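Residue numbers (our numbering): 127 to 401.
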């Protein structure tokens, strides 16, 4: 009986990449094209004025405070987004699901630690924990957490992972590395505050170096070498929307002005997930 069943059980261990994990050329053409078409949106996040001001050491304290308080919902909820994707898995019965299971289980705990590092960063900037956890984020920033929650809850495994573990973590790793490599931002801290204030940035820069690539490999494996156009369109939309929500969040944090029209473009019903 086992031999008979084995004839009908496909192997999902075959690697779809044709080269190193961290080289875009290794990925299927359709996925390379999505990464290339959304590159400018990603660059607007990574090179945002808020991060440039951090690098130059002239980010005003009000903007820094808005950033550390209003981005908190995404930081603290990120393990929950991953858990929502974990619920979609069919172990051993669908392409990429075994890979995704290992990835999600290993990294949920790591992501949970990032919340502690974020609070340490905020404390080094003079922001108390209760000011963060009891804050009511602005609509422009709240939309990012709702987008992540809604996408991971309602969309497919590939779309959820592309929107969060690839797009958001990837861009975050890039801007964190930019600030760490520049070195000027850390001079605003002294003594132990420097260690605590920079830990979140350094961990994201290091951890998010390979993690988004692993997520991209999962997306490629789940959908295969030549998925239907409607599936690739959903991936591209999710990646682009994540970058847009990140940019909208950063715009608010830097200026203190709401941009509800930009939020509504991708989030007409921001009612999913906790505030």
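Heads up, the beta-carbon is just placed ideally off N, CA and C, and yes, glycines get one too. Note that the coordinates shown come from a computational prediction; the quantities given were computed from them, not determined experimentally.
Verify whether the separation of the beta carbon atoms of residue 277 and residue 285 is less than 8 Å.
-> Within the chain shown, residue 277 is the residue found at index 151, counting from 1. Within the chain shown, residue 285 is the residue found at index 159, counting from 1. Taking a C-beta distance under 8 Å as the contact criterion, residue 277 and residue 285 qualify as a contact pair.
Run the CB neighbour count on residue 300, radius 10 Å, all protein chains shown included, and call it buried at 16 or more, exposed below.
-> Your numbering for residue 300 matches position 174 in the chain shown. Counting C-beta atoms within 10 angstroms of its own C-beta, residue 300 has 16 or more neighbours from the protein chains shown and is therefore classed as buried.
Report yes if the C-beta distance between residue 261 and residue 378 is below 8 Å; otherwise report no.
-> As a position in the chain shown, residue 261 is number 135, starting the count at 1. As a position in the chain shown, residue 378 is number 252, starting the count at 1. Going by C-beta atoms, residue 261 is not nearer than 8 Å to residue 378.
In chain order, which alpha helix (DSSP H) runs of at least 4 residues are fully inside the segment 226-279?
-> For the segment 226-279, whole alpha helix (DSSP H) runs of length 4 or above, ordered along the chain, are 255-259.
For residue 274 and residue 200, believed in contact at Cβ under 8 Å, the rounded distance = For the purposes of this step, residue 200 is taken as the residue at position 74 of the chain shown. For the purposes of this step, residue 274 is taken as the residue at position 148 of the chain shown. Approximately 6 Å separates the beta-carbon atoms of residue 200 and residue 274; this is inside 8 Å, confirming the contact.
How many whole angstroms separate the CB atoms of residue 257 and residue 195, which I take to be in contact at a CB cut-off of 8 Å?
-> Walking along the chain shown from the start, residue 257 turns up at place 131. Walking along the chain shown from the start, residue 195 turns up at place 69. Between residue 195 and residue 257 the Cβ distance is about 7 Å, and since that is below 8 Å, they are a contact.
Under the three-state DSSP convention, the category residue 329 falls into = Numbered from its first residue, the chain shown carries residue 329 at position 203. Three-state result, residue 329: helix.
For residue 336, three-class secondary structure by DSSP | Residue numbering aside, residue 336 sits at position 210 when the chain shown is read from its first letter. Looking at residue 336 - three-state DSSP - the assignment turns out to be coil, as it is neither helix nor strand.
Can you tell me the Cα-Cα spacing of residue 150 and residue 321, whole angstroms?
-> What you label residue 150 is simply residue 24 of the chain shown in a count that begins at 1. What you label residue 321 is simply residue 195 of the chain shown in a count that begins at 1. Each residue's CA atom was taken as its position, placing residue 150 and residue 321 some 34 Å apart.
Which of helix, strand or coil does DSSP assign to residue 369?
-> For the purposes of this step, residue 369 is identified with residue 243 of the chain shown, where counting begins at 1. Three-state result, residue 369: helix.
Are at least three pairs of beta-carbons, each pair with one atom in the segment 337-352 and one in the segment 151-163, less than 8 Å apart?
-> They touch, by the three-pair rule.
Taking residue 328 as the reference, give the member of 317, 311, 269 with the closest Cα.
-> Your numbering for residue 328 matches position 202 in the chain shown. Comparing Cα positions, the closest option is 311.
What is the C-beta distance between residue 211 and residue 270, in whole angstroms, given that I count them as a contact (C-beta under 8 Å)?
-> Along the chain shown, one-based indexing puts residue 211 at 85. Along the chain shown, one-based indexing puts residue 270 at 144. Not a contact, Cβ separation roughly 17 Å.
Take every Cβ of the segment 355-371, pair it with every Cβ of the segment 233-248, and state whether three or more of those distances are shorter than 8 Å.
-> At 8 Å Cβ cutoff, the stretches do not touch.
Burial state of residue 259 (16 or more Cβ within 10 Å) = Within the chain shown, the letter at position 133 stands for residue 259. It counts as exposed.
Which term fits residue 146, buried or exposed, when burial requires 16 or more other beta carbons within 10 angstroms of its beta carbon?
-> The residue labelled residue 146 in the question sits at position 20 within the chain shown. A residue is called buried when at least 16 other Cβ atoms come within 10 angstroms of its Cβ; residue 146 does not meet this threshold and is exposed.
Exposed unless 16 or more other CB atoms sit within 10 angstroms - verdict on residue 217 = Position 91 of the chain shown, counted from the start, is the residue given in the question as residue 217. So residue 217 counts as exposed.
Where does residue 143 fall in DSSP's three states?
-> Taking the chain shown and counting its residues from 1, one reaches residue 143 at position 17. Coil.
Would you tell me roughly how many angstroms separate the C-alpha atoms of residue 332 and residue 306, rounded to the nearest one?
-> Start at 1 with the first residue of the chain shown, and residue 332 comes out as number 206. Start at 1 with the first residue of the chain shown, and residue 306 comes out as number 180. Going by the C-alpha atoms only, they are around 10 Å apart.
Residue 175 versus residue 248: straight-line alpha-carbon distance, rounded | Taking the first residue of the chain shown as position 1, residue 175 is located at position 49. Taking the first residue of the chain shown as position 1, residue 248 is located at position 122. When rounded, the distance between both Cα atoms is 20 Å.
Under 8 Å between the Cβ atoms of residue 229 and residue 340?
-> Here residue 229 refers to the residue found at position 103 when the chain shown is read from its first residue. Here residue 340 refers to the residue found at position 214 when the chain shown is read from its first residue. Inclusion of residue 229 and residue 340 in the CB contact set at 8 Å is warranted, their separation being smaller than that value.
Alpha carbon to alpha carbon, what distance is there between residue 220 and residue 364?
-> Start at 1 with the first residue of the chain shown, and residue 364 comes out as number 238. Start at 1 with the first residue of the chain shown, and residue 220 comes out as number 94. Distance between the alpha carbons of residue 364 and residue 220 is about 22 Å.
Around the C-beta of residue 173, are 16 or more other C-beta atoms found within 10 angstroms, so that it is buried, or is it exposed?
-> Locating residue 173 in the chain shown gives position 47, counting from the first residue. Looking at its Cβ environment, which holds fewer than 16 other Cβ atoms inside 10 Å, residue 173 is exposed.
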